[in-house]
Each structure stands twice: as structure tokens, then as C-alpha cells.
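The UniProt record's numbering applies: residue 1 is where the sequence shown begins, and numbers increase by one. Here a beta-carbon is modelled for each residue, glycine too, at the ideal position from N, C-alpha and C.
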Amino acid sequence: MLRFDPFSDLDALTRGLLNSQTGSARTPRFMPMDLCKIDDHYVLTADLPGIDPGSVDVDVDSGTLTISAHRTARSEDAVQWLANERFFGTYRRQLSLGEGIDATAISATYENGVLTVTIPVAERAKPRKIEVSHTGHQQSIEPTTVDSE
């Protein structure tokens, strides 16, 4: 079933004009990311296209991983915008890290607009096999012969 709303395009245009004026600083909506666990580490990948690599910052403080980056706006000199939909400004995302993370060994790379953060599991949090020791002494029973009289 199709629904026709003759005012939807007008509403979208009005929202666009009221929410972002041409030439104004617009803040990014979000930083899309994926997070997965591979063997003994987590891998976080975040899309940051058009970001200056020097502005990418990854910090860990009190169990919180903070990713921030900045995309600079285009110079407004002699620009007549026909469409102005790309966000610029500072991107920021925070994640809480569990106690089983080795925060000192976190590493990050930025390549082709994708930030990859490798978050290793701490050695103490890795699964391990526990050796079961056997205590006590063994008793040996020696056969005795009974003399029959």
C-alpha cells in the first residue's frame, strides 16, 4: 500500500533550512562503528571518511575508551552551495571497557577513512586450564598369609 503525503517534501526542506543554515557549523550525528571479538582481543572499526589523520585521538581513562576526530569545513570563499549535507566538526564516541582489558596494550591505526582499534584481553582474564593436584597418601595393602593350625 502506497501512502501519498504532498507535504513531506516541503517538511523535509523546512527542517533542513531550520536545522542547518548554509555556512554554519553543523555537528556530526554519529560515528558508525563495528566491534567484534577475535581470539584474545577485540577489534573496533569506525568509519571516519574525510577526517584529517592528525586529528584522530584515542584515549583510555578510568576504564573509558574515547575516540575523537575532526573534519574541517570547506572554505566558504566564493562558494554557492547547491547541496550541503556532509557534516563537519568534532566526532566523539565513548565506550566503557571491562576489567578484563589490557588498557596498556591498546593500539590504533587509521587507513582509508577507517579507524581500527585493537583492544587485547588481559592475561589474567584469558581462559586457562587449572591443574588439579591430588593430595593425601596412598596406602598399600600387602597380602598376608594365614597359617592354618
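Cβ neighbours of V114 within its own chain (closer than 8 Å, five residues either side excluded): T45, A46, D47 and L48. Taking I38 as the centre and dropping the five residues before and after it, the same chain places no C-beta closer than 6 Å to its C-beta. Within 10 angstroms of the beta-carbon of A69 lie 16 or more other beta-carbons, which makes it buried. Contact check between the segment 57-76 and the segment 102-120: three or more CB pairs, one atom from each, fall below 8 Å, which counts as touching. Every beta strand (DSSP E) of 3 residues or more that sits fully in the segment 20-74 is shown, in chain order, as 33-38, 41-47, 57-61 and 64-71. Here DSSP, grouped into helix, strand and coil, assigns R93 to strand. Taking 8 Å as the cut-off, the beta carbon of A122 is found closer than this to the beta carbon of I101. For the options R124, S62, Y91 and V58, the alpha carbon positioned closest to that of R71 is the one of Y91. Residue pairing for T135: DSSP places it in no beta bridge. V56 places its beta carbon 8 Å or farther from that of A103. C-alpha of I51 to C-alpha of R93: approximately 15 Å in a straight line. According to the DSSP secondary-structure assignment, A108 is paired through a beta bridge with V117. Rounded to whole angstroms, R74 and N112 show a C-alpha spacing of 20 Å. Close CB contacts of P53 within its chain, under the 6 Å cut and outside five residues either way in sequence, are with Y110 (chain order). Its chain contains P120, V121 and K126 as the residues whose beta carbon lies nearer than 7 Å to that of D40, once the 5 sequence neighbours on both sides are disregarded; these appear in chain order.
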